[in-house]
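Protein chains: 2
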Amino acid sequence: MDLWKRFGEKEVSHSMAHYLQAVASLKTEKGHARVGDIATHLGVSKSGVTSMLRSLQTRGLISHEKYGCVELTVSGQRLAERTESSRLVITRFLTEILGVSEAIASEDACMIEHLVSPEVSVELLRLTSFLRSEHPAARALLQAYRATPHECTDHSPDACAVCQTSCLRDSLVRDIGDSAERTGV
Amino acid sequence: MDLWKRFGEKEVSHSMAHYLQAVASLKTEKGHARVGDIATHLGVSKSGVTSMLRSLQTRGLISHEKYGCVELTVSGQRLAERTESSRLVITRFLTEILGVSEAIASEDACMIEHLVSPEVSVELLRLTSFLRSEHPAARALLQAYRATPHECTDHSPDACAVCQTSCLRDSLVRDIGDSAERTGV
DNA sequence: CTCGCCAGTTAAGCTACCTCAACAATCTTG
DNA sequence: CAAGATTGTTGAGGTAGCTTAACTGGCGAG
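Quick mapping for you: the protein sequence lines, in order, are chains V and R. Our numbering numbers the first residue of the first sequence as 1279 and each following residue consecutively. Our numbering numbers the first residue of the second sequence as 1279 and each following residue consecutively.
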């Protein structure tokens, strides 16, 4: 299967998603988004911004005339909002339900926000809301969940409800040090 | 914050992760991985494979000599295993806990498998295992969760445990049609 | 042995995204 | 209303990852 090739065919790339978010946040923050603001906000050169704006304009996500301010089109606005919502949902799920540190949650959310389908984001929101609610089943679950040890003592096939032929955990935990180092934790 | 720039600084790119996985799966499938096999497996040209192999060799993830078979190094093998484990964990969480369709789950997992930190993957595995286990709190929660309506009726600030100033759901659901179309659902 | 085929490589070219350096437009201010 | 600072654009150049086209290494059949 060459599902993997769709990565390059996403409606927007990682960079584009962040340009759109930058424009959106500058607009709400200071009322307008200019090339220099975007460049500063994203930590890239102004020339990089100019050429990216051209590309975003071609895709109908922004409008921008020479030396003017940048405006999001309706679809650009939608995309920016959706990406931002995904980011928030993912971050909250990672920190509040999975109990991952803020640093790692923010980094992971930033990496995947634009790649997660709305279907998944909306379900993730639903699960997070439910688990954070006052519903007795949710409270009971979280309490029981927090109480069980982190270590899966028995990871033989079929003992764990997720692993099958081999223990998935083993290949994950051994890399945890490496990634913590990068994040500066 | 320019967290977003780390996207390009990941140990491996999306493509690289899939090349490594292709080599690993060909090795277990037919005992060896050759350029042509990899090209077929990934649906790219042989010349593309040759140049990617050069790049992976430079990074110490594979070894490959001219006209020979491709071998994963220890770090290449670790990376391939970790990516594959993440993919499995994510897929199972999306289908079995969130209840998303196989098609969407596979696509999303394929997009993000290499971007999710091992910390998050391992916690996701733990949650999924727990929820799929026989633990009474898990059974009760899933039952209650499945029974609650999909619609969040009250999304005013503070009513929902996740949304704050505005309803995150609104910006997500309106895009669901668009993405289903792409996936061919 | 050599001809031909297949696997693999090199070369050139494309798109995306970035950089720096030079230039052009606009704004500010005396 | 010009001088100079600020802001934005253009252009050339680099890396990553792909493509196609042309070339080469290795090997079996006659």
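Backbone N, C-alpha and C define an ideal beta-carbon position, used for all residues, glycine too. None of these values were measured; they are calculated from a predicted model.
Counting along the chain, V:S1341 sits inside the beta strand (DSSP E) bounded by residues I1340 to H1342. Just so you know, the alpha carbons of V:G1377 and V:A1383 end up roughly 9 Å apart. By the CB criterion at 8 Å, V:A1300 and V:H1319 fall inside the cutoff. Separation of the CB atoms of R:V1313 and R:K1305 is rounded to 14 Å, and the pair is thereby denied contact status at 8 Å. Neighbours of V:T1306 in chain R, taken as residues at a C-beta separation under 8 Å, are lacking, since the least C-beta distance is about 11 Å. Chain order gives the chain R residues near V:H1296 as W1282, where near means a beta carbon separation below 7 Å. DSSP, read as helix, strand or coil, puts R:V1348 in strand. Between V:V1290 and V:L1357, the CB-CB gap stays under 8 Å. Approximately 4 Å separates the beta-carbon atoms of R:T1369 and R:A1387; this is inside 8 Å, confirming the contact.
In chain order, S1395, P1396, E1397 and V1400 make up the part of chain R whose C-beta sits under 9 Å from the C-beta of V:I1454.
Closest in alpha carbon position to R:A1317, among R:M1330, R:S1364 and R:R1337, is R:M1330. Secondary-structure assignment with DSSP links V:A1311 through a beta bridge to V:V1348. About 19 Å separates the Cβ atoms of R:L1419 and R:V1367, ruling out a contact at the 8 Å cut-off. The shortest CA-to-CA distance from V:K1283 to any of R:H1292, R:G1338, R:V1352 and R:G1286 is the one to R:H1292.
In the three-state scheme derived from DSSP, where H, G and I count as helix and E and B as strand, R:P1427 is classed as coil. Contact between R:T1361 and R:H1310 fails: their C-beta atoms lie close to 21 Å from each other, not under 8 Å. Each of V:V1400, V:V1348 and V:E1287 was checked against the Cα of V:Y1297, and the nearest Cα belongs to V:V1348.
Here R:R1404 carries a helix assignment [DSSP, helix/strand/coil]. The C-alpha of V:L1281 lies about 30 Å from the C-alpha of V:L1350. When rounded, the separation of the alpha-carbon atoms in R:S1395 and V:L1372 is 11 Å. Sequence-distant partners of R:T1328 (beyond 5 residues in either direction) whose C-beta falls short of 7 Å from its own C-beta, in its chain, are V1313. The residue among V:V1352, V:M1389, V:R1447 and V:S1364 with its C-alpha nearest the C-alpha of R:V1400 is V:R1447. Taking 8 Å as the Cβ-Cβ cut-off, the stretch 1371-1396 of chain V approaches chain R at L1372, I1375, L1376, G1377, V1378, S1379, I1382, A1383, S1384, E1385, D1386, C1388, M1389, I1390, L1393, V1394, S1395 and P1396, given in chain order.
By a beta-carbon distance limit of 8 Å, V:S1449 contacts R:E1359. Their separation comes to about 4 Å. DSSP places R:L1409 within a helical segment (H, G or I) once states are collapsed to three. Contact between R:A1422 and V:A1415 holds, with the beta-carbon distance rounding to 4 Å and staying under 8 Å. Annotation: R:R1332 has no Cβ neighbours in chain V at a cutoff of 8 Å; minimum Cβ distance is about 20 Å. In the three-state scheme derived from DSSP, where H, G and I count as helix and E and B as strand, R:H1392 is classed as coil.
Within 7 Å of the CB of R:E1359, the CB atoms of chain V belong to S1449, in sequence order along the chain.
Here V:G1338 is exposed: its Cβ has fewer than 16 other Cβ atoms, across all protein chains shown, within 10 Å.
At a beta-carbon threshold of 7 Å, the residues of chain V lying near R:S1363 are L1446, S1449 and L1450, ordered along the chain.
In this structure, DSSP gives R:E1362 a helical state, which the three-state scheme calls helix.
Interface annotation for the stretch 1339-1355 of chain R against chain V: empty, criterion Cβ-Cβ distance under 7 Å. Taking 8 Å as the cut-off, the beta carbon of R:I1375 is found closer than this to the beta carbon of R:L1409.
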